[in-house]
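Heads up, the thing below is written out as structure tokens.
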Amino acid sequence: YRLFPGEPKWKKNILTYRISKYTPSMSPTEVDKAIQMALHAWSTAVPLNFVRINSGEADIMISFETGDHGDSYPFDGPRGTLAHAFAPGEGLGGDTHFDNAEKWTMGTNGFNLFTVAAHEFGHALGLGHSTDPSALMYPTYKYQNPYRFHLPKDDVKGIQALYGPRKIFPGKPTMPHIPPHKPSIPDLCDSSSSFDAVTMLGKELLFFKDRIFWRRQVHLPTGIRPSTITSSFPQLMSNVDAAYEVAERGIAFFFKGPHYWVTRGFHMQGPPRTIYDFGFPRHVQRIDAAVYLKEPQKTLFFVGEEYYSYDERKKKMEKDYPKNTEEEFSGVSGHIDAAVELNGYIYFFSGRKTFKYDTEKEDVVSVVKSSSWIGC
Amino acid sequence: DPNLLAATPRTFRSNYHLAQAYLDKYYTKKGGPQAGEMVARESNPMIRRIKELQIFFGLKVTGKLDQNTMNVIKKPRCGVPDVAN
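Protein sequence lines correspond, in order, to chains A and B.
Counting from 1 along the first sequence, just add 5 to a position and that's the residue number in my numbering.
Counting from 1 along the second sequence, just add 660 to a position and that's the residue number in my numbering.
If you want it as structure tokens, here you go:
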């Protein structure tokens, strides 16, 4: 295998992609499927996740182009050059173009889109052409069956040289386990920092911080022990920004950067999705805290000094938001790190303090040390 | 080369132009600071690039547009150069 000079690679492990122009040779659904399968071929080997977006600028912009399309690499009509992709980077980096003059197909009657897309995404992730004829990254076209495809060894070696191997997780977890060797556990008892996220999940409260989370029974402040996030939520890895549960629907949401995951208990439901599904403006890149309020069935999302209100029944962001958090929640001050509703109170976690906010009195009724939640 | 000798002048010319376009596209470093190159008479850049292509594809290195080399050149392929910068 070969890497590009300078070995460019993505510095993040969640990459967005968008198909901006389709081809008339295939239905959009077939194109979507071929692209998704081609990306999946790489994400099985390395810890990269791909999230599709339908608007705006994605890391990997995918399009079918004809002739000279403005990137100094004009296409040449049928046969010859089939496609090209740019190495990781800003702007054109990662972008993948297919020659619209080719006959694209999901089968063998024409050029198989999965085959070519899988090869091109190798470039978009940082691989150059391989001299190994059995490699996917060999420069010339050779049909690959999309449904029986396994990334050849040479390509696995190449991509893992850039991103390392994907950790294999045996089966779906139902209960988190305590790791035999405690990883570096953030010392919250002696810390001024707060939790990254707090949520109910079933009958338990979960507290997230860096790579660790704590579970506790709501009314039982004993037996609280830390566990790695990867042991129960391998997709989340670490540094969860926000989380909330809609108990009535039995689902929970976990937020990290511009993406979110849905779980039923500890079972992840599908791939990550984009937070813009909720209706956030594009400048919102991450959420600091989220709390679901049972009575009005609304979720409050805290971003910087403001918060948004999302109507869970209408599945719609409410009008007249965002609003200023300190102005609307009397007595709550500082940056909101996490929030959770318990027994009609909203608990706002801000640094070393947790504000207990009474929604009826519309005021803070007590302040406790954040670390006391995990037994400190 | 027997294959080369077997080619008619027209085929040879066509192959030559095809190969030149191919080598310009996939075996030429683009972008970045350009530098002049002083080469000895026998170091024909076309031959050097044909050899480069033959090494890349694991072909017999002849520096000539023989049948195997032309077969590779005529195959549909990815547009990313094999020699990149």
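Just so it is clear, CB atoms sit at the ideal spot from N, CA and C, and this is done for glycine as well.
For T86 of chain A, the closest Cβ of chain B is nearer than 9 Å.
For the pair Y362 of chain A and N18 of chain A, the Cα-to-Cα distance works out to about 37 Å.
In the three-state reduction of the DSSP assignment, Q680 of chain B falls in the helix class, which pools H, G and I. Under a criterion of Cβ atoms nearer than 9 Å, the residues of chain B adjacent to T145 of chain A are, in order, F717, V732, K735, P736, R737, C738. Here E70 of chain A is buried. Its C-beta has 16 or more other C-beta atoms within 10 Å. One finds H134, P144 in chain A with Cβ atoms closer than 7 Å to the Cβ of D742 of chain B, taken in chain order.
The Cβ neighbour count for V721 of chain B, taken over all protein chains shown within 10 Å, is under 16; the residue is labelled exposed.
One alpha carbon belongs to S338 of chain A, the other to E365 of chain A, and they sit about 19 Å apart.
Contacts with chain B at 9 Å (Cβ-Cβ) do not include H74 of chain A. Residue-level contact by beta carbon fails for P151 of chain A and chain B, as no gap is shorter than 9 Å.
Under the Cβ criterion of 9 Å, P138 of chain A is counted among the residues facing chain B. Separation of the CB atoms of V296 of chain A and Y265 of chain A is rounded to 15 Å, and the pair is thereby denied contact status at 8 Å.
Residue environment for C738 of chain B: buried (at least 16 other C-beta atoms within 10 angstroms of its C-beta).
Only buried fits I341 of chain A, as 16 or more other CB atoms lie within 10 angstroms of its CB.
The distance from the Cβ of P263 of chain A to that of R291 of chain A is about 7 Å, consistent with a contact at the 8 Å cut-off. Straight-line spacing of the CA atoms in G85 of chain A and E317 of chain A works out to 52 Å. Taking 9 Å as the cut-off, the beta carbon of G163 of chain A is found no closer than this to the beta carbon of G112 of chain A.
Distances from the CA of P277 of chain A to each of A:H224, A:G309, A:F259 were compared; the closest alpha carbon is that of A:F259. Counting along the chain, F126 of chain A sits inside the alpha helix (DSSP H) bounded by residues 118–130. Chain A places a beta carbon closer than 9 Å to that of K685 of chain B, counting this residue as a contact. Any Cβ of chain B closer than 9 Å to the Cβ of Y350 of chain A would place that residue at the interface, and such an atom is absent. Contact note: Y315 of chain A does not reach chain B at a C-beta cutoff of 7 Å; the least C-beta distance is about 43 Å. In the displayed model, N728 of chain B falls within a helix according to three-state DSSP. Among the residues of the stretch 155–167 of chain A, none has a Cβ less than 8 Å away from any Cβ of chain B. The beta carbons of L713 of chain B and V740 of chain B sit no closer together than 9 Å. Not a single CB atom of chain B sits nearer than 9 Å to the CB of A46 of chain A.
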